[in-house]
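Remarks on the structure that follows.
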Amino acid sequence: MPLILQSTRPLASDDLTAIRALARASEPVLRSETVAAAEDCAPLTPALRDMLDGYCGPRAIDWAVVPAGRRLSDFRLVAMDMDSTLITIECIDEIADFCGLKAEVSAITEAAMRGEITDFNESLRRRVALLKGLDASVLDRVYEERLRLSPGAERMLQTVQALGLRTLLVSGGFVHFTEKLKTRLKLDVTRANTLEIVDGKLTGNVVGEIVNADVKARTVQEVCTQIGARPDQAIVMGDGSNDLKMMAVAGLSVAFRAKPIVRAQASVAFNHVGLDGLLALFPH
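Note that numbering that gives the first Met the number 0 numbers the sequence shown so that position 153 is 152, with each residue one more than the last.
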């Protein structure tokens, strides 16, 4: 299977030689200054994974072993988490900053993403309850002042959309942000949680079914069915433990700047390159 190497800076020939030896790979061919591909390598065992991580990590190189013969256009759906995947922030943490509770909320968020809090519903309710009484106008301020797309997000989305792939944003975050991003990025489907607002204030409650790991996985499968695709024709991108179930149903899972538990289970990990690193994995 092909071995793909990517970095945000030019790949050094010494590094390519060393990685080739570690992976018992064919001669890597530069596709650009920052991307190289070897047509085949040794089977990806846990030992080889550890060696590649150990060598590539300190040198800011992302590696991936991908199925031979597949093209990006063979896939039908790209599904993404929002917070810390499609965008650089955790929206709930930034909302909490406006009432002086960012540290408290962030601590719960981090523990949930690492998988240390296994009940996502309860962790979300605990965090949202801390926002009670906050003016709802803060949501717009977070979007306008703090929300930024992750590197490569627009290029990745524009390319897959041009190839005819559908796009899904499914988030344990909030509809206020997913709907704005849906319009801005021309996404096909979004799903997220709804914050209850009464008289212009957050009540500290979430309305309706909470979008947890099970709901995320179900949503990916439902959208696949709606567009006539198989789950193995889906690419799923995420960063936290709440994304693992939807990543598990996909044909390709991408851990983006992810927690260790997610990197260990994903098909591919992007620790250094942007979301457009996806485009280098397969011919279009």
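Note that CB positions come from ideal geometry on N, CA and C, so glycine has one too.
If we ignore side chains and look at the alpha-carbon of each, how far apart do residue i and residue j end up?
i: residue 98; j: residue 130; result: 7 Å
i: residue 170; j: residue 230; result: 18 Å
i: residue 273; j: residue 9; result: 15 Å
i: residue 166; j: residue 103; result: 33 Å
i: residue 153; j: residue 242; result: 21 Å
i: residue 204; j: residue 111; result: 18 Å
i: residue 90; j: residue 26; result: 44 Å
i: residue 114; j: residue 88; result: 19 Å
i: residue 255; j: residue 198; result: 38 Å
i: residue 7; j: residue 149; result: 14 Å
i: residue 126; j: residue 42; result: 43 Å
i: residue 234; j: residue 80; result: 11 Å
i: residue 55; j: residue 271; result: 10 Å
i: residue 96; j: residue 119; result: 21 Å
i: residue 34; j: residue 124; result: 43 Å
i: residue 278; j: residue 70; result: 10 Å
i: residue 140; j: residue 260; result: 32 Å
i: residue 86; j: residue 142; result: 11 Å
i: residue 181; j: residue 57; result: 36 Å
i: residue 249; j: residue 44; result: 21 Å
How about residue i and residue j: do their beta carbons lie closer than 8 Å?
i: residue 108; j: residue 237; result: no
i: residue 222; j: residue 188; result: yes
i: residue 0; j: residue 64; result: yes
i: residue 48; j: residue 37; result: no
i: residue 240; j: residue 258; result: yes
i: residue 60; j: residue 13; result: no
i: residue 269; j: residue 164; result: no
i: residue 299; j: residue 133; result: This structure cannot speak to residue 299, because the chain is shown only from 0 to 283.
i: residue 76; j: residue 191; result: no
Secondary structure at residue i, three-state DSSP: helix, strand or coil?
i: residue 50; result: helix
i: residue 56; result: helix
i: residue 6; result: strand
i: residue 24; result: coil
i: residue 91; result: helix
i: residue 80; result: coil
i: residue 201; result: strand
i: residue 265; result: coil
i: residue 37; result: strand
i: residue 272; result: coil
Smallest Cα separation from residue i: which of the options?
i: residue 247; options: 227, 213, 276 and 275; result: 213
i: residue 32; options: 141, 143, 126 and 5; result: 5
i: residue 2; options: 22, 227, 94 and 100; result: 22
i: residue 193; options: 134, 136 and 206; result: 206
i: residue 282; options: 128, 77, 68 and 250; result: 68
i: residue 183; options: 195, 196 and 168; result: 168
i: residue 62; options: 137, 24 and 121; result: 24
i: residue 209; options: 219, 121 and 275; result: 121
i: residue 136; options: 105, 172 and 196; result: 196
i: residue 78; options: 58, 251 and 262; result: 251
i: residue 262; options: 30, 52 and 39; result: 52
i: residue 174; options: 185, 162, 157 and 138; result: 138
i: residue 201; options: 94, 72 and 30; result: 94
Under the criterion of a Cβ to heavy atom distance below 7 Å, does residue i qualify as lining the ligand NAP?
i: residue 115; result: Annotation note on the ligand NAP: not contained in the displayed structure, which lists no ligands.
Scan the region 114-197 and note each continuous alpha helix (DSSP H) run of 4 residues or more that stays entirely inside, going in chain order.
Annotation note: the region 114-197 contains the following uninterrupted alpha helix (DSSP H) runs of length 4 or greater, listed N- to C-terminal: 119-128, 136-144, 152-161 and 174-184.
Every unbroken alpha helix (DSSP H) within the region 210-256, with a cutoff of 4 residues, ordered by chain
212-225 and 243-247
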